[in-house]
Amino acid sequence: MGPVLAGVLQLLALIAALALVYIPLGTYMARVYSSDKHWRVEKWVYEGIGANPDAEMTWSAYLRGVLAFSAVGVLFLYLLMRLQGVLPGSLGFSSVDPAQSFNTAVSFVTNTNWQSYYGEQTMGHVVQTAGLAVQNFVSAAVGMAVAVALVRGFARSRTGQLGNFWSDLVRGTLRILVPAAAIAAVVLVACGVIQNFSGIHEVGQFFHGHSMGGSQQWNGGAVASQEAIKEIGTNGGGYFNANSAHPFENPTPFTNLFEIFLILVIPFALTRTFGVMVGSVRQGYAILATMFTIWLGFVALMMWTEFAHHGPALQAAGGAMEGKEVRFGVGASSIFAVSTTLTSTGAVDSFHSSFTGLGGGITMLGMMLGEIAPGGVGSGLYGMLIMAVIAVFIAGLMVGRTPEYLGKKIGTREIKLAACYILITPALVLVFTAVSMALPTPPHSMLNSGAHGFSEVLYAFTSASNNNGSAFAGLNANTDWFNTMTGLAMLLGRFLPMVFVLALAGSLAGQKPVPVTAGTLRTEKPLFTGLLVGAILIITGLTYFPALALGPLAEGLA
C-alpha cells in the first residue's frame with residue numbers, strides 16, 4: 009500500500025468514526041445543558057463553592073463568573089509551580105522560574121497549553137496531575153459554557169438571562185469531559201500509553217541488541233489520563249517535550265488516529281448541540297457543513313504540499329519526511345497537523361517547522377481563521393456563530409434588507425460586537441509580532457534567519473493569541489520577553505473575545521423573535537454555507553496576507 013493511499017484510508021476511517029458518534033454525542037450534550045436536575049455530586053460541588061446553580065445570570069454576571077474562576081485558576085497554578093521544590097512527588101525538580109510560571113499558568117487556564125519548557129525535565133507528578141491536568145478539564149469546560157451561553161442568546165427571547173455559569177461549568181466537567189476522558193484513557197492504556205507514578209529511570213542506549221555506551225533518563229507519569237483530556241478538551245499540553253510524537257504518549261498509528269478523533273469529536277458534535285437547543289437541527293448541519301468543508305479542504309491541501317516530490321530526497325522518502333515520525337508517515341502527520349491547528353489543541357505528532365514552506369503556512373492559516381473549523385471545545389462554535397452573524401450582515405447589505413439570524417435582528421449593537429470579536433485577535437498577533445521583530449533582543453531567539461525565522465515569531469504569536477499552543481519548534485521561547493509577551497497574548501486572546509461573545513448573547517436574548525418572511529435569508533441552506541465559507545476565507549486573507557507573504561509564502565515560493 010502506497011503512502012498516499014494509506015493517508016486517504018485513514019482520513020476516510022476518521023470521518024466515518026466522527027459521523028458515527030455525531031448525533032448521539034451532540035444530542036446528549038444538549039440534554040446536559042438543558043436539564044433542570046442536578047446530580048448529587050454536583051450539589052456537593054455547589055455547596056462547597058457557595059453557588060446557587062438555579063439562579064439565572066445576565067451576560068455581565070456570567071462574564072464575572074468566567075473571569076473570577078479563571079483568575080483563581082491562574083493564581084493557584086502559579087503558586088503550585090513556584091512551590092514545586094518543597095512539594096512531595098516533585099521528582100527532585102526545583103521550583104519553576106517566575107516568568108515561566110506566569111506563562112505556564114496563563115497557558116493552561118486559557119486552554120492554550122503553550123509550553124516553553126521540557127515537560128519531563130521541569131514538572132513533577134503533583135504539578136502535572138493536580139495542576140495542569142485539572143486545568144485541562146476546567147478550561148475546556150469554561151469554553152463550552154460560554155458557547156452554550158451564546159446559543160441560549162439565540163434560543164431565548166425577551167430576557168436578559170443566559171443560564172448559570174457555575175452550573176454549566178460543573179455539568180460540562182462532570183457529565184461530559186470526565187466520562188469521555190476516562191473511556192479514552194482506558195483505550196490509550198490498552199494500546200501502550202504509559203500510566204504510572206514512577207520516578208526517574210536510567211536507561212541504556214542499544215542498537216540491534218548491542219550497547220552504544222550511553223544512557224538516557226526517563227520518568228514515568230499519569231500520561232494516558234492526561235493525554236486523553238489533552239485531546240478531548242482541545243488543550244494540547246504534552247507530558248513530554250516531544251508531545252504526541254513521543255512513543256510514551258502516542259505509540260502506534262492507531263493511537264495517532266484515535267487522538268485525532270478525540271481532538272475533533274466534541275467540536276464537531278457541538279454543532280448538533282447548537283441545532284437541538286435552538287430548535288432546528290438543520291441550522292446545526294449548516295454550521296457543521298461549513299466547518300467540515302474548511303477542514304477537509306485544508307487536509308487535502310496539506311497532503312498535496314507534503315506529498316509533492318520536489319527533488320530526489322523527497323521522492324526517495326515518499327514525501328516531506330523531515331520532522332515526521334516514520335511510524336505515522338506524511339498522511340497521518342498532515343491530518344494531525346491540520347486538525348490540531350484548526351482547533352485550539354496545539355498537540356503535535358510532527359514538527360511544523362520542518363514542514364514545507366507552504367505546509368507550514370497552512371498550519372498558520374488554520375489558526376488565523378480563528379480556529380473555527382471545527383475549532384476548540386466551545387470556542388470553535390461561538391467563533392463560527394460570530395462569523396455567521398457577519399455573513400448574514402454581508403448578505404443583508406447585498407439585498408438592502410435588515411439582516412436576521414435565527415429570528416434575531418442583527419442591528420448596530422450586534423454587528424459592532426461581532427466586529428470587535430474578529431478584530432481583536434489579528435490585532436494581537438500582528439502588533440506583538442511587529443514589536444518582537446523591531447526590538448534588538450527578541451530576534452536572537454530565532455533559530456533561522458530570513459522568511460523562515462520571521463515565520464517562527466509570527467507562528468508563536470498566532471498560536472498564543474488564538475489559544476492554540478503549538479509551536480514552530482525553531483524558536484527559543486523560554487526567555488523573559490517571550491514568556492511575558494506570549495502570556496499577555498494568551499490572556500487577551502482568550503478573555504477579550506469572551507467579553508464580546510457574552511455581550512452579544514445578552515443582546516440577542518433580550519430581543520423579541522422576528523417572524524420568517526419570504527425575504528428572510530435561509531441560513532440552513534447550502535447557499536448560506538458557501539457564503540459563510542467565503543466570508544471566513546476572505547476576511548482572514550485580507551487581514552493576514554501581508555504577514556503571510558513575508559513568511560511562509562515567501563519561503564514556499566522561493
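For the sequence shown, this note's numbering assigns the number 9 to the initial residue and increments by one for each residue that follows.
Every residue, glycine too, gets a C-beta built ideally from N, C-alpha and C.
Nothing here was measured: the structure is a model prediction, and the numbers come from that model.
Check: residue i C-beta below 6 Å from any heavy atom of the ligand FAD
{"i": "A497", "result": "Among the ligands in the structure shown, none appear at all, so the ligand FAD cannot be discussed."}
Rounded C-alpha distance that separates residue i from residue j
{"i": "A308", "j": "A345", "result": "12 Å"}
{"i": "G200", "j": "A153", "result": "33 Å"}
{"i": "G15", "j": "G180", "result": "34 Å"}
{"i": "F205", "j": "A232", "result": "12 Å"}
{"i": "E235", "j": "A193", "result": "7 Å"}
{"i": "V356", "j": "A497", "result": "21 Å"}
{"i": "V53", "j": "V142", "result": "15 Å"}
{"i": "M454", "j": "A442", "result": "14 Å"}
{"i": "L512", "j": "R160", "result": "11 Å"}
{"i": "V156", "j": "V146", "result": "15 Å"}
{"i": "A316", "j": "A328", "result": "8 Å"}
{"i": "V49", "j": "I57", "result": "13 Å"}
{"i": "L172", "j": "Y41", "result": "Before going on, a small fix: residue 172 reads as Asn here, not Leu. Near 10 Å, if we compare the C-alpha coordinates of Y41 and N172."}
{"i": "Q123", "j": "F256", "result": "18 Å"}
{"i": "V439", "j": "T260", "result": "41 Å"}
{"i": "V104", "j": "A230", "result": "20 Å"}
{"i": "M285", "j": "N486", "result": "44 Å"}
{"i": "P411", "j": "S463", "result": "39 Å"}
{"i": "S43", "j": "S252", "result": "36 Å"}
{"i": "V524", "j": "A24", "result": "36 Å"}
{"i": "S361", "j": "S341", "result": "13 Å"}
{"i": "T548", "j": "F306", "result": "14 Å"}
{"i": "I202", "j": "L196", "result": "8 Å"}
{"i": "M272", "j": "F469", "result": "As written in the sequence, residue 272 is Leu, which differs from the Met given in the question. If you take the alpha carbons of L272 and F469, they lie about 23 Å apart."}
{"i": "V80", "j": "I295", "result": "34 Å"}
{"i": "N484", "j": "S444", "result": "13 Å"}
{"i": "G207", "j": "T137", "result": "15 Å"}
Where residue i falls: helix, strand or coil (DSSP)
{"i": "I208", "result": "strand"}
{"i": "Y125", "result": "coil"}
{"i": "L20", "result": "helix"}
{"i": "L483", "result": "strand"}
{"i": "E235", "result": "helix"}
{"i": "E412", "result": "strand"}
{"i": "Q519", "result": "coil"}
{"i": "M454", "result": "strand"}
{"i": "N227", "result": "strand"}
{"i": "K417", "result": "strand"}
{"i": "K424", "result": "helix"}
Beta-carbon proximity list for residue i, same chain, < 6 Å, skipping 5 on both sides
{"i": "N121", "result": "S115, N243, G244, G245, G354 and G477"}
{"i": "Y467", "result": "M372 and F480"}
{"i": "Y36", "result": "none"}
{"i": "Q291", "result": "G283 and E532"}
{"i": "G100", "result": "none"}
{"i": "L28", "result": "none"}
{"i": "G73", "result": "F173"}
{"i": "G495", "result": "F110, N111 and V114"}
{"i": "H254", "result": "F248"}
Cβ neighbour criterion (16 or more within 10 Å) applied to residue i
{"i": "Y413", "result": "buried"}
{"i": "D62", "result": "exposed"}
{"i": "I268", "result": "buried"}
{"i": "L393", "result": "buried"}
{"i": "Q18", "result": "buried"}
{"i": "M9", "result": "exposed"}
{"i": "H209", "result": "exposed"}
{"i": "G458", "result": "exposed"}
{"i": "A198", "result": "exposed"}
{"i": "N119", "result": "buried"}
{"i": "E55", "result": "exposed"}
{"i": "K416", "result": "buried"}
{"i": "M299", "result": "buried"}
{"i": "L565", "result": "exposed"}
{"i": "A526", "result": "exposed"}
{"i": "P187", "result": "exposed"}
{"i": "W67", "result": "buried"}
Neighbourhood of residue i by C-beta, 7 Å cutoff - its chain only, sequence neighbours within 5 removed
{"i": "P434", "result": "T551 and Y552"}
{"i": "Y30", "result": "F276, A277 and R280"}
Close beta carbons around residue i, own chain, < 8 Å, minus the five adjacent residues each side
{"i": "W47", "result": "L182 and R183"}
{"i": "G97", "result": "G132, H133, V134 and F205"}
Entirely enclosed alpha helix (DSSP H) segments - the region 347 to 393, minimum 4 residues: 365 to 376
- request: Note down, one range per segment and in chain order, each alpha helix (DSSP H) of at least 4 residues found wholly within the region 10 to 95.
  value: 11 to 42, 48 to 57 and 67 to 90
field: Runs of alpha helix (DSSP H) lying entirely within the region 270 to 321, each at least 4 residues, in chain order
entry: 289 to 315
message: Threshold first: 4 residues or longer. Then list the alpha helix (DSSP H) segments lying entirely within the region 159 to 213, N to C.
response: 173 to 179 and 186 to 198
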